[in-house]
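One structure is given below, encoded as structure tokens.
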Amino acid sequence: MTTTTSGEAGPGTAGSAAAVPADERAASAVTDDLPGGALTAEEAWDVLTVLDSGTARGGDVGEAVLAAVSALAGATAEVWRAALRERCMVVPCWANPHALTDLGRTPGEVLFAGRAVPGDPLDVYVDVDAWLWLQERTLIGPEARGPVNLVAHVPQVPWPFATAGLTHAARWADELDSADPDVVLAAVDALNAAASAVRRKAATVP
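Be aware that the sequence shown starts at -16, since it is given in the working numbering, and climbs by one per residue.
In structure tokens, the structure reads:
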């Protein structure tokens, strides 16, 4: 079973610069130069919250997050992935198809379950405490018996939404990892449009 953070390479490649595509390494360098430096897990989720709210006022969100949103406006898919990668541990898995059928139907069982695109693996968000339980119930370990049909997302902060489910910006962030280039392009366009709107509002705030 392969464990990564969002957008990172799996075991056997981690820590090897040669194994990371040049565009991904360049994107990481760009995000290191964001106002306040590379985003933490909490800041990455805060960026998505700002994009959804469309606000130029921070409230509980720090000025560094608002500055990062403005800096990301117009960014490439690689830069967006690098900026948001710390928000979750991401684990591509093969899961028992029978278990997938019922997954998420019990209230409180998972934080969110759904597909960004029909035919894509099932995206499942679970908290850290539920992660081991999910593995025991549905997942096959390193001896995976088939292609990836489930991608587990384990947020590195307490669930940042008031209810189960993902916001638009969080779904766009997930769609950056789609195998369909048209889906990736649409996600980048949506993220950039939202970030540009926030930047325009920020410019008018006294």
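Idealized CB from N, CA, C, for every residue including glycine.
Taking a contact to mean a Cβ-Cβ separation below 8 angstroms, would you say residue i touches residue j in this structure?
i	j	result
CYS71	PRO138	yes
VAL73	VAL134	yes
ARG64	LEU174	no
ALA24	VAL140	yes
VAL62	GLU26	no
ALA145	ARG120	no
ALA152	LEU31	yes
Where does residue i fall in DSSP's three states?
i	result
LEU174	helix
ASP106	strand
VAL74	strand
VAL93	coil
LEU168	helix
VAL137	strand
THR38	coil
Pick from the options: whose alpha carbon is nearest that of residue i?
i	options	result
LEU67	THR84, VAL52, LEU86 and ALA169	VAL52
VAL100	GLN118, ASP165, ARG128 and ALA56	ASP165
VAL131	ALA78, GLU69, ALA170 and GLU46	ALA78
ARG183	TRP28, GLY45, GLY57 and LEU31	GLY57
With a threshold of 8 angstroms between beta-carbons, can residue i be considered close to chain B, or not?
i	result
LEU34	In the structure shown, chain B cannot be found, because there is only a single protein chain.
Output needed for residue i: all residues of its chain with C-beta closer than 7 angstroms, excluding positions within five of it in sequence on either side, in chain order.
i	result
GLY97	ASP106
TRP28	ARG70, VAL140 and PRO143
Can you find the residues in the same chain that come closer than 6 angstroms, C-beta to C-beta, to residue i, ignoring five residues on each side of it along the sequence?
i	result
TRP114	VAL137
State whether the stretch 103 to 115 contacts the stretch 170 to 187, with contact taken as three or more CB pairs (one from each stretch) at a distance under 8 angstroms. no
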